[in-house]
Every structure is written in C-alpha cells, then in structure tokens.
Amino acid sequence: MNSTTLTTHLLNLDPAAYKSATEHPFLTVAATGALPTTPLLQWLLQDRHYALTYISFIGALLSKITIPTTSNRLDTLSWKIVDTLIFSLTNIKAELALFDKVLKEEFGWNSTVEVEVLPITRAYQDMFARAGSAKSSLLEGMTVLWATERCYFDAWGFAKRSSGNDKPSTTGTKGEGDVMTRIFIPNWTSDEFEEFVDTLEGLVNGIVEEEGVGLGSEAWRRCEGAWKQVLWLEEGFWPDV
1 MNSTTLTTHL LNLDPAAYKS ATEHPFLTVA ATGALPTTPL LQWLLQDRHY
51 ALTYISFIGA LLSKITIPTT SNRLDTLSWK IVDTLIFSLT NIKAELALFD
101 KVLKEEFGWN STVEVEVLPI TRAYQDMFAR AGSAKSSLLE GMTVLWATER
151 CYFDAWGFAK RSSGNDKPST TGTKGEGDVM TRIFIPNWTS DEFEEFVDTL
201 EGLVNGIVEE EGVGLGSEAW RRCEGAWKQV LWLEEGFWPD V
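full-length UniProt numbering numbers the first residue of the sequence shown as 1 and each following residue consecutively.
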C-alpha cells in the first residue's frame, strides 16, 4: 500500500509549476475587476472552446467503464465514477450557457463566424483526446479530469483572495472588466464546485487502491506525466496582461 495518495503526491510534485499555473498575473488583475477587454474576451472565448471539447472527453471516459449490473451497483466505484461524470456533463452544459449569456449580454457578442482556436487551446484539446483514447487508462483520464478541475478551483481561489474579499461582490456598477468579480470568481469558488473537485480526488485515489497501482509503477508515472502537462497547459492558457 502506498504511504501517500496519488493526488497528494501530484500536488507536491512540482510546487513551482503549480504556483505558476494557479497564481498567474491574469488572475491578479481579474481580482481587481479591471481586466482590459482584449485579454478578457480571449480567455472567455478560448475557455468556451475548452468547455465544448470537455463534452467529448467526458464521453470518452464514460466509454471506458463497464457499468455494474449487480444488486450493489450504487455502492461500486464504477458507478460512482459514472454518476460523477454524468454530473459533470450537466454542469458543463450550465457553464456553456453562462459563457454564452455573458458574451451576449456583457459584450454584445453575436458572431456567426467560428472562433479561432489558439495553439494553447488546441494543445489542451489534444491532451483531452489522448487521455480519452483507447491507449490511456481510466485512471490516467480521471487524473487529467481531476487535475484540470483542481487547478481551476485553486486558481480562482487565488483570484478571490487577491481581491481582498472572501466574498467577491456580485452587485455594484456593471462593466466588462468586473464580470470576473461579479460572476466568474463566485462561480468557481463555490462550495458546490469544491465538493465536485473533492469527489474527483476521491475517485482517482479509489481507482489507485482498487487496481493496486503502486508508487513508481508505469501507471503511476503516466499520471505524473499527465499532471505535469496539465500544469504547463494551465499556465499557458491564461492570457498575458
């Protein structure tokens, strides 16, 4: 048995890279409600691309699971993973609706032209495709999912702390730059999102335990590689400010 969980091991694997991914200058400026429109729109449109790709990724993860038919189905790890992945699809649908609402109401976005996918976003899409492919295990795919959500939660937590207010205001003068403090920071620092991230962490460690994945094994090392890639992508995904 491992003396530490996989997720704890990953969180301590490269503290400097994790800090760069979750404490980016973009987030510091976002916390002030004064982001310039250009980087704000870049982030929003690219994150929308990310969310659309997420749907296929979750579908690929679901395809890796054999759904139990036993009487104790609800208590099995497999079903708990399925249940969480289905929840994540429902959640991403709501998130896409939020993106569209903000783009239209805050920025007057009504384009029928396809939005360009930037290279860093394409790299994220490629990672999702690899993690969801037949060559990747369920553990590796779930590690990628947890890693992206954990980084996102911690990044917005950093933005919330940088605002100097534990509860960013959702009222006040409406403006483009302050959609971060009015809408997005509260959305991604909510108790519900934290619970979802914690659930994913438990599922990843549950797979490790159920499959007997040992420290330093090939499966373990592949998860380390996935984690490092997520950190690199997360840092690069934030626009320069």
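Glycine included, C-beta positions come from ideal geometry on N, C-alpha and C.
As the structure is a prediction and not an experimental result, all values here were calculated from the model.
Spatial neighbours of residue i in its chain, beta-carbon cut-off 7 angstroms, leaving aside the 5 residues before and after
i	result
R73	W79
A219	S137, L139, V213
G236	I120
Buried versus exposed, by CB contacts within 10 Å (16 or more), residue i
i	result
K160	buried
P36	exposed
G33	buried
F153	buried
K215	The amino acid occupying residue 215 in the given sequence is Leu; Lys does not appear at that position. Answer is exposed; the Cβ neighbour count stays below 16.
E106	buried
Distance CB(residue i)-CB(residue j) smaller than 8 angstroms
i	j	result
R221	E140	no
I55	I92	yes
W146	L98	no
L89	I65	no
W227	F26	no
T143	V82	no
A123	L11	no
L103	W109	yes
V197	E149	yes
Residue-chain proximity (residue i, chain C), Cβ-Cβ < 8 angstroms
i	result
L27	As a matter of chain content, chain C is missing from the structure shown, which is built from one protein chain.
Contacts around residue i, its chain only, beta-carbon distance under 6 angstroms, and the 5 residues preceding and following it disregarded
i	result
A51	I92, E95, L96
A60	G132
N2	L215
For residue j and residue i, believed in contact at Cβ under 8 angstroms, the rounded distance
i	j	result
V230	C151	6 angstroms
S162	A31	4 angstroms
V115	L45	5 angstroms
T22	F184	So it is not a contact: roughly 15 angstroms between Cβ atoms.
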